[in-house]
Amino acid sequence: MLVERRARTLKHGDSFAVLAVEGDLRENSADGLYHRDTRHLSRLELTLGGARPILLSSALRDDNSALVCDLSNSDLMASDGTRLPSETLHMRRFQFLWDGVLRECIRIRNFGDREARTELELSFAADFADIFEVRGSARARRGHLCPPEVAGDRVTFRYQGLDERERRTDVAFDPAPDALHGSRAIYRLCIDPKDSVAIHVTIGTGGPVEANGSRFFSTARTARRALRDAASRSAAVFTSNEVFNEAIRRSVADIHMLTTETEHGPYPYAGIPWFSTAFGRDGLLTAFETLWLDPEIARGVLRFLAAHQARENDPASDAEPGKILHEMRRGEMAETGEVPFRLYYGSVDATPLFVMLAAAYLERTGDLETLRAIWPAIEAALIWMKQYGDRDGDGFLEYGRKAETGLSNHGWKDSHDSVFHADGTMARGPIALCEVQGYAYAAWRGAARIAAKLGQDAKDMRERADALRERFEAAFWCEDIGTYALALDGDKRPCRVRSSNAGHALWTGIAAPERAERIVRQLMSASFFSGWGVRTIPTVEARYNPMSYHNGSVWPHDNAIIAAGLARYGFKAEAARIFEALFDASVHVELRRLPELFCGFARSRGQGPTFYPVACMPQAWSAATPVSLLGTCLGLRFDPAHRRVEMHDPVLPGFLESVTLGDLRVGGGTLEAEIQRASGSLAVAVVRRSNGARLLVSH
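Everything in the sequence shown is counted per our numbering, starting at 109 for the first residue and increasing by one.
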């Protein structure tokens with residue numbers, strides 16, 4: 109099922125809405141009001157005089173708090189035979205989502221010189237489809253959809269699921285419609301010249317709702333204030349490029365919209381519409397990307413994943429003690445076991461990434477209290493890496509699904525055809541992925557640093573990291589293709605395929621320094637670099653397809669990781685080039701919002717990137733990409749013990765002349781810094797600081 113490219117999205121907590129540009133929810137699409145993986149409203153279509161209004165404008169507020177649509181009437185004939193000329197009525201739809209309730213105010217104003225008579229009709233429906241049904245999964249049977257209940261100013265829909273749960277949607281109106289049926293509400297409008305009327309619609313996903321229009325805007329202010337308060341945790345970014353300022357504002361707004369407050373802290377849900385739930389890998393990588401900007405996200409991710417860490421063996425969900433969650437679902441199909449994702453652990457990389465993030469969070473914040481609290485989960489993750497992740501005792505992390513219903517591949521490229529040999533044949537498992545060994549290496553090194561801070565013995569962890577690095581070089585380096593193998597198959601044969609995975613090896617530091625330059629030159633070559641970013645695999649490989657999900661497309665988050673890897677080995681100019689490419693791509697995207705991925709076709713003059721048809725947008729780790737790239741180019745590092753921010757060998761991409769970072773927090777202090785291009789170099793100055801915060805620039 110496709111999502112319209114110009115769809116608008118609203119989200120709060122465990123609910124989200126996908127709307128058409130005019131504010132409707134259109135049938136036979138992915139539009140809808142969703143709550144916990146169930147579509148609670150599948151249709152909400154407005155007509156005026158029996159016709160769709162004319163769209164004038166559609167704007168999602170900068171902070172994602174509301175959708176505002178301006179519409180007008182087409183040329184209409186009233187029931188009494190009088191004509192209502194086009195563009196006589198102005199209609200504004202103001203919609204926002206808060207606490208599982210979609211609220212809308214429809215205000216209609218008559219700009220004509222005579223009384224306007226017409227009918228406004230709202231058609232609505234609730235199919236209670238599971239998110240996997242909306243994506244196209246067929247079901248042998250469904251639960252019972254009850255007839256709608258109509259009472260005065262509201263309609264109630266109920267669905268008795270196969271999981272023995274009742275799901276409910278309430279649609280309430282203020283004022284009450286002139287006619288109300290189980291699928292439509294009709295208002296017979298009679299509006300004096302220059303006068304206006306307002307209709308409020310309230311749609312709840314959890315029980316009875318109030319249709320009180322007088323409280324509409326106070327609730328809207330509460331919702332907006334909550335988003336503003338969440339964003340206030342973040343450092344502020346302002347640059348010399350106003351288009352990039354729009355892009356970074358949207359990025360930060362998307363991150364905070366996608367972030368759900370859980371009992372363990374903030375957690376960034378992966379993306380809308382298909383992945384609006386907790387994903388381990390996505391949450392971890394988003395937390396890495398935003399760590400310099402808002403470390404509270406990383407804290408919430410670590411605490412949430414520690415609380416949901418696997419405690420026992422369960423082949424159906426690929427769970428093993430100590431393993432970190434891949435995905436959590438709460439819809440009917442997950443609850444009944446029709447899909448295995450209720451609590452699903454089918455990722456090989458989330459567990460080492462969890463340990464990596466814990467170490468990075470400690471270095472960024474010095475928050476030893478949180479690390480002490482989750483240390484048992486870190487120890488359990490390390491035990492999993494030794495006992496379960498290394499299936500054959502060769503020191504590498506491998507995977508192979510335990511049940512046929514699970515994912516066939518457990519790395520971030522989890523398509524069924526994403527791991528293959530040079531001739532294009534699929535690799536047989538268990539599979540050891542290139543980048544996962546890098547994550548494991550960084551996890552052992554990070555765990556050693558945490559252990560030392562906690563007074564624990566770290567010798568074994570350091571030795572394991574060193575041994576893994578040696579084994580990795582011996583087994584994965586392929587001199588004939590000039591890079592690391594994509595993976596080792598079940599027979600330990602290297603998949604001699606060039607891939608962006610090697611960039612992740614740079615990010616983690618497992619790559620030998622003497623080989624870094626060859627990898628970098630390859631990643632930045634024309635076969636890899638499309639002009640919009642680095643492809644997942646280059647044009648020369650057997651399974652290259654620029655329209656595929658993982659075999660030749662461009663993923664912004666993948667590029668952010670690659671850029672961080674390039675910078676780690678001293679290739680800052682190349683990292684800045686990736687930054688420029690993705691910024692240029694965002695210029696061609698509505699709302700300056702980077703999608704989950706786009707196609708890998710080469711850049712052509714006068715054209716933007718080719719979009720992937722069902723990419724999530726917004727997607728958390730794509731939204732965080734500009735934030736990550738800016739931190740990478742500036743070389744940001746933190747020393748909370750000494751309240752010091754360091755910029756190591758900072759560079760600016762070509763589209764920026766200056767950058768100002770405000771409210772940059774470290775060790776209880778804050779500072780504001782300005783980076784300015786001057787005479788072929790960069791000048792860095794502290795504008796203001798508090799509580800002893802300092803800035804150090806190094807080269």
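Using N, Cα and C, we set each Cβ at its ideal position, and we do this for glycine too. No experiment lies behind these values; they were computed from the predicted model shown.
Go ahead and label residue i buried or exposed: buried means 16 or more other beta carbons lie within 10 angstroms of its beta carbon, across all protein chains shown.
i: aspartate 145; result: buried
i: valine 111; result: Only weak support is given to the placement of valine 111: the predicted model assigns it a pLDDT of 39, under 50, and the value that follows is read from those uncertain coordinates. With 16 or more other Cβ atoms within 10 Å, it is buried.
i: phenylalanine 219; result: exposed
i: alanine 781; result: buried
i: methionine 365; result: buried
i: histidine 524; result: exposed
i: glutamate 704; result: buried
i: arginine 147; result: buried
i: arginine 243; result: exposed
i: valine 351; result: exposed
i: cysteine 707; result: buried
i: aspartate 502; result: exposed
i: leucine 631; result: buried
i: serine 245; result: exposed
i: valine 753; result: buried
i: proline 193; result: exposed
i: methionine 436; result: buried
i: cysteine 741; result: buried
i: lysine 567; result: exposed
i: leucine 804; result: exposed
Among residues of its own chain, excluding the 5 on either side of residue i, which ones have a beta-carbon nearer than 8 Å to its beta-carbon?
i: proline 429; result: Ala418, Arg419, Glu420, Asn421, Ala488, Ile491, Trp492, Tyr496
i: alanine 361; result: Asp170, Asp171, Asn172, Leu335, Ala339
i: leucine 790; result: Pro758, Val759, Leu760, Ile783, Gln784
i: cysteine 254; result: Phe265, Arg266, Tyr267, Gln268
i: arginine 472; result: Leu399, Trp400, Pro403, Ala406, Phe746, Pro748
i: proline 726; result: Thr117, Asp362, Met365, Leu366, Gly379, Ile380, Arg701
i: aspartate 565; result: Ala559
i: glycine 121; result: Asp207, Gly208, Thr368, Glu369
i: proline 538; result: Arg499, Asp500, Glu506, Tyr507, Gly508, Gly598
Excluding the 5 residues preceding and the 5 following residue i in the sequence, name in chain order all residues of the same chain whose CB lies nearer than 6 Å to its CB.
i: serine 384; result: Phe124, Tyr377
i: glycine 776; result: Asn799
i: isoleucine 356; result: Val345, Pro734
i: glycine 762; result: Glu688
i: glutamate 369; result: none
i: glycine 716; result: His696
i: phenylalanine 412; result: Thr370, His372, Tyr375
i: histidine 793; result: Looking at the sequence provided, one finds alanine at residue 793 rather than histidine. Hits under 6 Å: Glu782.
i: proline 256; result: Val263, Phe265, Gly290
If contacts are defined as beta-carbon pairs under 8 Å, then residue i and residue j qualify, I think. What distance do you get, rounded to the angstrom?
i: arginine 211; j: phenylalanine 204; result: 6 Å
i: alanine 548; j: leucine 505; result: 5 Å
i: threonine 327; j: tryptophan 206; result: 6 Å
i: leucine 470; j: leucine 392; result: About 15 Å separates the two Cβ atoms, so there is no contact after all.
i: glycine 379; j: alanine 728; result: 6 Å
i: arginine 553; j: alanine 573; result: 5 Å
i: threonine 778; j: leucine 772; result: 6 Å
By DSSP's criteria, residue i is part of a beta bridge. Which residues make up the other side?
i: tyrosine 452; result: Glu435
i: histidine 756; result: Ser806
i: serine 166; result: Cys177
i: isoleucine 307; result: Ile214
i: alanine 159; result: Leu156
i: glutamine 784; result: Ser766, Ala791
i: arginine 276; result: Arg266
i: glutamine 727; result: Gly379
i: proline 621; result: In the DSSP output, where bridge partners are listed per residue, proline 621 has none listed.
i: threonine 313; result: The partner list for threonine 313 (beta bridge, DSSP) is empty, contrary to what the question assumes.
i: phenylalanine 346; result: Thr768
Do residue i and residue j have their CB atoms nearer than 9 Å?
i: alanine 280; j: glycine 312; result: yes
i: glycine 439; j: proline 448; result: no
i: tryptophan 640; j: alanine 683; result: no
i: alanine 466; j: leucine 479; result: yes
i: arginine 217; j: serine 322; result: no
i: valine 409; j: glycine 445; result: no
i: alanine 628; j: leucine 702; result: Note on residue identity: the sequence assigns valine, not alanine, to residue 628. The answer is no: Cβ separation not under 9 Å.
i: serine 635; j: arginine 604; result: no
i: glycine 546; j: threonine 459; result: no
i: valine 463; j: isoleucine 486; result: yes
i: leucine 197; j: tyrosine 295; result: no
For residue i, I'd like the list of residues in its chain whose CB is within less than 7 Å of its CB, leaving aside the five on either flank, ordered along the chain.
i: serine 516; result: Arg509, His524
i: histidine 658; result: Lys521, Ser523, Ser526, Thr644
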